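The structure appears right after this line, and notes come after that.
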Amino acid sequence: MCCRMGCQEKVEVKKLHTDEAWNLFKQILEQDITLAPEIEGSAKNMVKVCDGLPLAIIVLAGSMRGETSIHVERNELEKLRDPDTMQDNMVDEVFKVLKYSFDRLDSNHQLCFLHSSFFPEDFQINIDDLVKRFISKKLVDIRKSRQSQFDEGLSILNKLVKVCLLERDGEYYVKMHDLVRAMALKIARRKNMEISDSYSKETDCC
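As C-alpha cells, then:
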C-alpha cells in the first residue's frame, strides 16, 4: 500500500531499516529542502516510533506536511510517545500512528473520514458518491449552491488523500487501506455512529 499522492512506488508490507524508513518519510513529506538539524533530529525520532512500519510512516509523513516548527515537532513527538497509546503488537502500533493523524484533522474532516469508512472492505469508492454522502450528512455548508457544496466536499476528500487516510484508485475512485478502515470503524463505533450498509442508501438520494 502506498499513498498515491507523493509516492508512485508500491511499498511491501514489511518492516523497513532505519535509512529506508527515513527516506520513505522524506519522500511522502515532499520536503526537498535541507531540514534544520534540530527539526531533522525530532522528525527522525518520530519515524523511529513507527518501528519501520511503512503504513505508519506514510500516514505520519502525510499528516506532518507543511510543519516546519521545532516546537510543533517536539510536541507531536511527545504525543506519539504517550504511554496511553502504546500497544504490544504490530497492528496496534500502526493504529497508534493512524489515530494520531486522525486527531490532527479538524472535527468536520474527522466526520467525513469516518463516513468514508462505511463502504465495504476493499471497495472502490466512487468520488462523486462519497462527496454526495458528505453533502447528505450536512458536512458541507448547506447554505451554498449545489455546485459549491460539491466543490467543498471534493476539497475535503482531497485533504484526506493528501494526509494518506484515503488513496487514489484511478481517476474516479478512492479506496481506504484495511487497517485505516478498521481504525475508522473503531472510532465510529465509539461515537455510536450508524454503520451497517448505510452507504447504499446515501448514494441514491442525491
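Residue numbers for the sequence shown follow UniProt numbering, so the first one is 1 and each next one is one higher.
Beta carbons: idealized from backbone N, C-alpha and C, even for Gly.
The model shown is predicted, which means the values in this text are computed figures rather than measured ones.
(1) Which word fits residue 171, buried or exposed, when buried means at least 16 other C-beta atoms lie within 10 angstroms of its C-beta?
(2) How do the stretch 129 to 145 and the stretch 37 to 53 stand: do at least 3 beta-carbon pairs fall below 8 Å, yes or no?
(3) Can you tell me the Cα-Cα spacing of residue 49 and residue 165, whole angstroms?
(4) Buried or exposed for residue 121, going by 16 or more other Cβ atoms inside 10 Å?
(5) Cβ atoms of residue 21 and residue 57: under 7 Å apart, would you say?
(6) Looking only at its own chain, which residues have a Cβ that is under 6 Å from the Cβ of residue 190, when we skip the five neighbours before and after it?
(7) Would you kindly report the start and end of the unbroken alpha helix (DSSP H) that includes residue 49?
(8) So if DSSP puts residue 167 in a beta bridge, which residue, or which two residues, is it bridged to?
(9) Along the chain, where does the alpha helix (DSSP H) containing residue 146 start, and where does it finish?
(10) Below 6 Å, is the gap between the Cβ of residue 46 and the nearest heavy atom of the ligand MG?
(11) Taking the alpha-carbon positions, what's the residue 17 to residue 126 distance?
(12) What number of angstroms, rounded off, separates the C-alpha of residue 181 from the C-alpha of residue 130?
Taking the geometry as given:
(1) exposed
(2) no
(3) 19 Å
(4) exposed
(5) yes
(6) none
(7) 37 to 49
(8) 175
(9) 146 to 162
(10) Looking for the ligand MG in the displayed structure turns up nothing, as the structure carries no ligands at all.
(11) 36 Å
(12) 15 Å
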